[in-house]
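The sequence shown begins at 1 in full-length UniProt numbering and counts up one residue at a time. Glycine included, each C-beta is placed from N, C-alpha and C at the ideal position. Just so you know, these numbers come straight off a predicted model, no measurement behind them. Below you'll find the structure, written out as structure tokens, and then a few comments.
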Amino acid sequence: MSGPEDTDLPGGWEAAAAEYVLGLLPEDELRAFEARLSQDRDLQQDVEAWSEYFAALTDPVEAVAPPPQLLRRIEDRLFGRKRPSVWQQILPYLLGAVAAAAIAWAAMFSGLLDFRNKPDLWADLETPSRGLVLLAHYAPESQTFMMQRDAGDYPAGRSLEIWMIPEEGDTPISLGLVAEDGLTQIPMPQQLAEAMDGAAIAISEEEPGGSPTGVAQGPILSIAQMAPRDE
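Put into structure tokens, the structure is as follows:
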């Protein structure tokens, strides 16, 4: 290797070669070293020797894959991360709201969701043997099914369950329980709301909390078809 006696760099050319390989030379010394390196074969050999030496030090080190977010963190630290403006942050929400409004407008004016011309539906459900009188009412505009107990006592320790039987099919679908006091109000999902026209409503007496199987277990007390009422 080259000796330190033929240079004014601190530590000599050999030490400078080691610092060069490690990337530790200051800028002014780096320029002087590279100018000498291009012409000095011994210095080139020093650089090659140090490169091999330092590379051998890493051989026992097991390779570890860096976490995927490391590159992003490095880029953020080197180049800075520009914080999005307020408009950039809320723009996706605005676009979503506009799209939803456009769909609702198109559906309303195309008639898909136009409940204004659909009449309310009603059904009288009576059980004379118990003096039980129930009034079922479906309001298309709000997609709400309602039931009012106008007469008769609510069975003690039991539940009255409401079933809808669509016109296209004979499998009853549970809508919920009749409230023991006051008006029963049940929001209807779109699929059931579309099937309400022409459907029948039945009331069954069940164990507390309603049928656990999704099928009526107790006696059917009354059944009637939903239909518009004459004004």
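- Membership of Val133 in the beta strand (DSSP E) is indicated by the continuous run Leu132 to Ala139.
- DSSP, read as helix, strand or coil, puts Ser51 in helix.
- Relative to the Cα of His137, the nearest Cα in the group Met226, Ala193 and Gln190 belongs to Met226.
- By the beta-carbon neighbour count (other beta carbons within 10 angstroms, threshold 16), Ile162 is buried.
- Of Thr58, Gly12, Ile165 and Gly23, the smallest CA-CA separation from Leu43 is found for Gly12.
- Beta-bridge partners assigned by DSSP to Thr144: Ala139 and Pro187.
- Taking the Cα of Leu125 as reference, the smallest distance to any Cα among Met147, Glu34, Pro155 and Glu206 is reached at Met147.
- Taking the C-beta atoms as reference points, Leu25 is found no nearer than 8 Å to Ala35.
- Here DSSP, grouped into helix, strand and coil, assigns Gln44 to helix.
- DSSP places Gly12 in the helix class (H, G or I) of the three-state scheme.
- Between Ile173 and Ala202, the CB-CB gap reaches or exceeds 8 Å.
- The three-state secondary structure of Leu37, taken from DSSP, is helix.
- Rounded to whole angstroms, Glu167 and Pro219 show a C-alpha spacing of 22 Å.
- The beta carbon of Glu52 lies closer than 6 Å to none in the same chain, with the five residues before and after it left out.
- Cβ neighbours of Val215 within its own chain (closer than 8 Å, five residues either side excluded): Pro172.
- Under DSSP, the beta-bridge partners assigned to Glu205 are Leu160.
- Under the three-state reduction of DSSP output, Glu19 falls in the helix class.
- Put simply, of Val178, Trp50, Gln191 and Leu30 the residue whose alpha carbon is nearest the alpha carbon of Leu221 is Val178.
- Residue pairing from DSSP places Gln225 in a beta bridge opposite Ala200.
- Looking from the CA of Glu207, the closest CA among Trp50, Gln185 and Gly157 belongs to Gly157.
- Linking Ala123 to Leu175 through their CA atoms gives a straight-line distance of about 15 Å.
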